[in-house]
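These protein sequence lines are chains A and B, in that order.
For reference, each letter of the first sequence is one residue, going 226 to 373 in the working numbering.
For reference, each letter of the second sequence is one residue, going 9 to 162 in the working numbering.
We put the beta carbon where it would ideally sit given N, CA and C, even for glycine.
All figures in this text were calculated on a predicted structure; none of them were measured in a lab.
The structure under discussion appears below in the form of structure tokens.
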Amino acid sequence: MSYFEPVYACMYVDVAPSSADTVCTTLNTDYTLAVNTFGSGGPTLNCTLSATDGITVGYTGIYEINMHISYEPSSGTTFSLKITKGGVTQDNLRATGFTTSTVYGRPLSIRGLLSLAAGDVIYGKVSASSSSETFAVMFGTFSVVRIA
Amino acid sequence: MSYLPIQPGYGSVDVVAGTVASTLGAVGVLTDLTAGTFSIISGGLGVTFDGPPCTSMTINYTGIYKIFYNISWMTGVGSDRWGFQMALNGTPIVGTKTMAYNVSGGNANRMDNAQCTHLLAITAGGVLKMQAYVTHANAVMTIYYGTYGAIRIG
């Protein structure tokens, strides 16, 4: 038997492949993920999920952050994920995926630790790195779990 | 701040390497990945397996679980979307789906790695499976190695 302070939150994205709801088309512009539905069973405690995108944590601590997104380009070369806290990009929580016009569809992941204070709001974001690129987010998940 | 007693529950298995889905003949068919005979880690009474070898694990305690997988694969020929997902009691778990795509023209031998970590409320008796899926018939994908599992966090 162990004792554990359960603090966690999770959201997911599930977009039809043909959907244009979450595409990146502008140079270095960050797109906040639009969350279609929250996780089944509402696995959230001491965290607050916004109606559309962010997670607000209720307790100060160290959190494990996970973000997994599968994407498909219509055109373009580089697609990125990142986590922001208080509007500031966390450089230790970024990932870049590369694709070409002949190999479509890739999974891309971020996993890391982040120190968060009560009330901090974090976001999972996607972006394209050059102009005139179009990437569609297919599906994915974004979660936080307090570990200390 | 309160501390809740949590009965540990966790389990993970290795995924058997080999070709899967090569016999699929219809769009949308799911293939349960077979778990390995070895490298099974179980949290005592927390999680039990249907093997070995096995294709599912049973969650024995109601709670919130961090479920995960990490699988490396190579796509074969075809014009197909490939991917992986986890299923609970036979129903795909939204948020656990990842994708590999092999565009038309026979671009075979594309290798990649798919990872997913997701949080989910699971009731005791829930059965987790790791699945591969395809959106086009007559395709082949080779699994090299991987793992999937669940850890109770609340």
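TODO: Using the Cα positions of A95 (chain B) and Y284 (chain A), report the straight-line distance between them to the nearest angstrom.
DONE: 31 angstroms
TODO: Determine, using beta-carbon pairs with one atom in the segment 118-130 of chain B and one in the segment 328-341 of chain A, whether at least three such pairs fall under 8 angstroms.
DONE: yes
Open item on the list: Using beta carbons (cut-off 8 angstroms, strictly below), is L318 (chain A) in contact with chain B?
Closed with: no
TODO: Please confirm if V351 (chain A) has its CB atom under 8 angstroms from at least one CB of chain B.
DONE: no
TODO: Just confirm the distance between the C-beta atoms of G330 (chain A) and M119 (chain B), as a whole number of angstroms; I'd bet it's less than 8 angstroms.
DONE: Contact flag wrong, Cβ pair sits at about 14 angstroms.
Task: Cut-off 6 angstroms between Cβ atoms - residues of its own chain near T155 (chain B), not counting five sequence neighbours on either side - done: S20, D22 and N78
TODO: On the DSSP bridge assignment, give the partners of S64 (chain B) in chain order.
DONE: Paired residues: none, contrary to the question.
- [ ] Check whether the Cβ of F304 (chain A) lies closer than 8 angstroms to any Cβ atom in chain B.
- [x] no
Open item on the list: Between D120 (chain B) and chain A, is any beta-carbon pair separated by less than 8 angstroms?
Closed with: yes
Open item on the list: So the candidates are B:K137, B:I161 and B:N68; which of them puts its Cα closest to the Cα of L41 (chain B)?
Closed with: B:K137
- [ ] Using a Cβ cut-off of 7 angstroms, pull out every chain B residue sitting near S368 (chain A), in sequence order please.
- [x] T125, H126 and L127
TODO: Use the C-beta contact count for T269 (chain A): other C-beta atoms within 10 angstroms, 16 or more gives buried, fewer gives exposed.
DONE: Below a pLDDT of 50, predicted positions are generally treated as unreliable, and T269 (chain A), at 49, falls in that range; the measurement from the model is reported next regardless. Classification for T269 (chain A): buried.
Open item on the list: Looking only at its chain, what residues have a beta carbon closer than 8 angstroms to the beta carbon of Y18 (chain B), apart from the 5 residues adjacent to it on each side?
Closed with: I49, S50, G51, G54, V55, G157, A158, I159 and R160
- [ ] Whole angstroms is fine: what's the gap from I67 (chain B)'s alpha carbon to G98 (chain B)'s?
- [x] 14 angstroms
Open item on the list: 8 angstroms is my cut-off, CB to CB: does I347 (chain A) come that close to chain B?
Closed with: no
Task: Opening and closing residue of the beta strand (DSSP E) in which E310 (chain A) lies - done: Checking the sequence, you will find Lys at residue 310 (chain A) rather than Glu. It spans T303 to K310 - the beta strand (DSSP E) in which K310 (chain A) sits, taken as one unbroken run.
TODO: Please compile the residues from chain B whose C-beta is within a distance smaller than 9 angstroms of the C-beta of Y233 (chain A).
DONE: I72, K74, L127, I161 and G162
Task: Residues that DSSP places opposite N121 (chain B) in a beta bridge - done: B:S80
- [ ] Say whether chain A places a C-beta atom closer than 8 angstroms to the C-beta of T104 (chain B).
- [x] yes
Task: Between the CA atoms of Y141 (chain B) and D58 (chain B) - distance to the nearest angstrom - done: 21 angstroms
Open item on the list: With H, G and I counted as helix, E and B as strand and the rest as coil, what does DSSP make of D58 (chain B)?
Closed with: coil
Task: Same chain, Cβ closer than 8 angstroms to A373 (chain A), five either side skipped, listed in chain order - done: G286 and I287
Open item on the list: Applying the 10 Å Cβ sphere with the 16-neighbour rule, what's the burial state of Y233 (chain A)?
Closed with: buried
- [ ] Could you tell me whether any Cβ in chain B is nearer than 8 angstroms to the Cβ of F323 (chain A)?
- [x] no
Open item on the list: Judging by CA-CA distance, which residue of A:R319, A:L341, A:Q315 and A:I347 is the nearest neighbour of S305 (chain A)?
Closed with: A:R319
TODO: With DSSP as the reference, label K105 (chain B) as helix, strand or coil.
DONE: coil
Open item on the list: Using DSSP's beta-bridge definition, name the partner residues of V96 (chain B).
Closed with: Looking at the sequence provided, one finds Leu at residue 96 (chain B) rather than Val. B:T99 and B:L136, per the DSSP bridge assignment.
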